[in-house]
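*Asks:* If you read the sequence shown in the working numbering, its first letter stands for residue 467, the second for the next number, and so on.
Handing you a structure now.
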Amino acid sequence: MHTRNVNVKTAAPESSRKIGGKTVSYTIFVAETKKKSEEESDVLEFSSLAELKKLRRRCPETMRCTYFYALSSGVDKQFRHIHVAEADHFKQFVRLIERVGIDI
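Here's what the structure looks like:
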């Protein structure tokens with residue numbers, strides 16, 4: 467018996483890209499630095515936007531700190547993160563992700 471994957475909506479065979487292709491997993495990084503401080507940034511890592519929103523409800527941004535938000539789709543060959551979206555403020559970052567259409 468031969469089987470093959472068929473897309474139900476179009477009744478056409480699915481492409482091999484969908485079947486065996488790499489899935490993109492996103493990671494959100496938030497760097498927080500106190501202004502006029504020599505300390506290094508504290509970096510937080512989130513796997514979903516809901517987790518980040520939950521943190522921001524409990525701990526909103528403060529004026530005494532600077533923030534940097536980045537959405538990474540992985541690392542390149544030199545192990546640097548590939549930023550898909552980045553912003554300096556939380557609301558700006560959320561709007562940017564929604565505008566790009568990434569569901570995380």
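All C-beta atoms in this analysis are idealised placements derived from N, C-alpha and C, irrespective of residue type, glycine included.
Note that the coordinates shown come from a computational prediction; the quantities given were computed from them, not determined experimentally.
Is the separation between the beta-carbon of Ser507 and that of Glu498 shorter than 8 Å?
*Replies:* Here the question's residue 507 lines up with position 41 in the sequence shown. Here the question's residue 498 lines up with position 32 in the sequence shown. Closer than 8 Å, so yes.
*Asks:* DSSP beta-bridge partners for Tyr535?
*Replies:* Taking the sequence shown and counting its residues from 1, one reaches residue 535 at position 69. BP columns for Tyr535 point to Val496 and Ala553.
*Asks:* To the nearest angstrom, how far is the alpha carbon of Val560 from that of Pro526?
*Replies:* If you number the sequence shown from 1, residue 560 lands on position 94. If you number the sequence shown from 1, residue 526 lands on position 60. Going by the C-alpha atoms only, they are around 14 Å apart.
*Asks:* Identify every residue that forms a DSSP beta bridge with Glu527.
*Replies:* Within the sequence shown, the letter at position 61 stands for residue 527. BP columns for Glu527 are empty, so no partner.
*Asks:* CB Lys500 to CB Arg530, shorter than 8 Å?
*Replies:* Within the sequence shown, the letter at position 34 stands for residue 500. Within the sequence shown, the letter at position 64 stands for residue 530. In contact: Lys500 and Arg530 (Cβ atoms closer than 8 Å).
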